[in-house]
Ligand code: F3S
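Residue numbers (UniProt numbering): 36 to 793.
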């Protein structure tokens, strides 16, 4: 691999600061010099028409947060390979020659993690050739920078190349907020939302409330940035951040590395936050410079030191937050979160008690570090320090140990600086620069069988059942990479490396010293293999987009029928979901709702037809679709939490789903449903969930009026029970004028096509 460090052309990646500053003064004029948080400054400076967004439906600007529909013009779009397919297919149907804003595609989700990068990467490229060929050809045609398989994980590549203070970007992946570590507003969306930005249509967002997290003190010893967000997830729960942007502030901010801030922002997705952001910090400058962006460092530095009125990169003094949480970094203990949900947070010192009380496994089979969340130079050199300590004492890891570098740049740098050699000499397996085990592409070769209860420790961000190895009984405990590394040497879930000792081969007691690492490589970042650099981003109209006509994975999109000119009636309840229902649950292996628990029977993926016959959920949906019957799903809280995966909405619509009635929704999924023409409704009284059962028939009153009036009014559902009784359920909705247009047209794409043909 080459280790040259040629500076890329970064001038096209500088946020449009003059335009943003002039918008900021317009916003200040409209809001009569109101004090603004950082998130508000950056968001509102990206409004298409500030006056219209800030003054409509907001009591003349008095209550913007939670009320206003912001129509935004993001600066850039990033897409990962799984979701880029949907986004590009939709973009192509708009007939434009090139994207309206700079965009990038990152091939990271389809790479297997098994034996190591050298064998896994070529095998994955062969297995997914038609998808990668499609993405690369479309990228070249429309002028999108294409990062090939092996180049890195979307969020790490974005942090190293595109994120910048004051930037606003959309990404078709729920962990897009990772870029907030470098002071950007970066929001995870579905493909249809990304298309808004790609075609220069304003992208709509309900103005978020702002949750301030004040950081005080300084981390030391074993505590790491990961522990900040593991602790916060425990405080907020998986839905506590819904509708909020999390904005960090306080004296503790300056003590964190840029990549540490990115880790914290990355996992804001786990509490449902719209995004997370850090203010301009002196630690941003060396990171920008080390990643060859001196020009951006200089431009951002000038703005960050401007007087408050013209300072885009810091909150105004005394700006008000809707809620404030304080975390003292000096007091923070390492945490371990899980299993099965990222908000079950336990301080390290209490973890062995939790293992006992809950009868969690006492041993574990694998420790996995890296991923988009934790593969910075600092993370890896801290892990390396522990490995060196253990190797010097003659110890080897007892659990399997895997390392997923986040990008070719970080991999090549760690290789040059011998970090990877240290990790692999100790028995670690270095996987491809890709998601691998984090997204279920883990071909586990140890002796754990499907259904066997077992534990793993990862430095990843998400731990829903079945996510890593396809085994729903695998308990994934989330922790910092350094903690995962130390634990791998004991193989025991009850080991506390801060207080416990291991026995060396010569029988002596060995205790780890707290890990030490380097924030940035003293010799700069290495570029790595030039084959992993992106394409130029210049559009070439002569290129033909490659879609294999015999493909079972890709097809050019058809359109859905428009909304009927009547109320919906006779919708059957296909399934009543009990408890957690993530996008992994809804569209695992591209099969609708197969992980969802049946509220009546407790079974998974088992539905019942009117005659009592049993079927899987996709089978019953297809059967009803064949009979021309549309349907509704009933669910509990935070329906659709997890990824930005659009298939989770599209599959429902395709199979005849019309309405999704839940106690609450995760933001990205709720928007995805609307974009695909499915109506998301929530209960006015959550207890009414108990009134509905599978195979009830539902008619609505008021939906057509709501749609025609652009979102005014409410929808009432009349539920015909199977014993002939009727109950009425009052519902709420969050449909905006534009979203009503999507539903009426059949989908957002239909509406776009209609507008383009006018
Ligand atoms: Fe990939 Fe896992 Fe991150 S799937 S983008 S490494 S959350």
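Where a beta carbon is used, it is the ideal one built from N, C-alpha and C, also for glycine.
Within this structure, are the beta carbons of residue i and residue j separated by less than 8 Å?
i           : j           : result
residue 233 : residue 138 : yes
residue 207 : residue 225 : yes
residue 96  : residue 105 : no
residue 475 : residue 456 : no
residue 185 : residue 313 : no
residue 273 : residue 378 : yes
residue 245 : residue 280 : yes
residue 495 : residue 403 : yes
residue 515 : residue 191 : no
Given 7 Å as the limit, tell me if residue i has its C-beta closer than that to any heavy atom belonging to the ligand F3S.
i           : result
residue 407 : yes
residue 497 : yes
residue 491 : no
residue 210 : yes
residue 116 : no
residue 143 : yes
residue 190 : yes
residue 474 : yes
residue 300 : no
residue 293 : no
residue 470 : yes
May I have the straight-line CA-CA distance separating residue i from residue j, to the nearest angstrom?
i           : j           : result
residue 661 : residue 596 : 16 Å
residue 564 : residue 447 : 8 Å
residue 74  : residue 201 : 9 Å
residue 472 : residue 408 : 13 Å
residue 41  : residue 568 : Note on residue 41: pLDDT 42, under 50, position unreliable in the model; no value is reported.
residue 258 : residue 372 : 14 Å
residue 554 : residue 412 : 6 Å
residue 480 : residue 677 : 27 Å
residue 328 : residue 337 : 15 Å
residue 561 : residue 445 : 7 Å
residue 235 : residue 120 : 19 Å
residue 265 : residue 524 : 22 Å
residue 292 : residue 572 : 31 Å
residue 735 : residue 787 : 27 Å
residue 756 : residue 605 : 12 Å
residue 415 : residue 518 : 12 Å
residue 587 : residue 173 : 18 Å
residue 451 : residue 423 : 17 Å
residue 398 : residue 318 : 39 Å
residue 574 : residue 165 : 21 Å
residue 127 : residue 570 : 19 Å
residue 278 : residue 627 : 26 Å
residue 38  : residue 176 : Low confidence applies to residue 38: its pLDDT is 35, below 50, so where it sits in the model is not reliable enough to give any reading.
residue 82  : residue 88  : 7 Å
residue 684 : residue 343 : 43 Å
For residue i, count neighbouring Cβ atoms within 10 angstroms of its own Cβ and tell me buried if that reaches 16, exposed if not.
i           : result
residue 92  : exposed
residue 205 : buried
residue 614 : exposed
residue 352 : exposed
residue 85  : buried
residue 506 : buried
residue 591 : exposed
residue 551 : exposed
residue 213 : buried
residue 437 : buried
residue 218 : buried
residue 366 : exposed
residue 747 : exposed
residue 541 : exposed
residue 80  : buried
residue 763 : exposed
residue 691 : buried
residue 599 : exposed
Could you tell me which uninterrupted beta strand (DSSP E) segments, each at least 3 residues in length, are contained entirely in the stretch 676-714, listed from first to last along the chain? 692-697
Segments assigned alpha helix (DSSP H), at least 4 residues, entirely inside the stretch 759-784: 772-780
Uninterrupted beta strand (DSSP E) stretches inside the stretch 300-350 (no shorter than 3 residues): 310-312
Could you tell me which whole beta strand (DSSP E) segments of length 3 or greater appear in the stretch 93-171? 104-107, 111-115 and 138-141
Which runs of the alpha helix (DSSP H) at least 4 residues long sit entirely within the stretch 585-612? Give them in chain order. none
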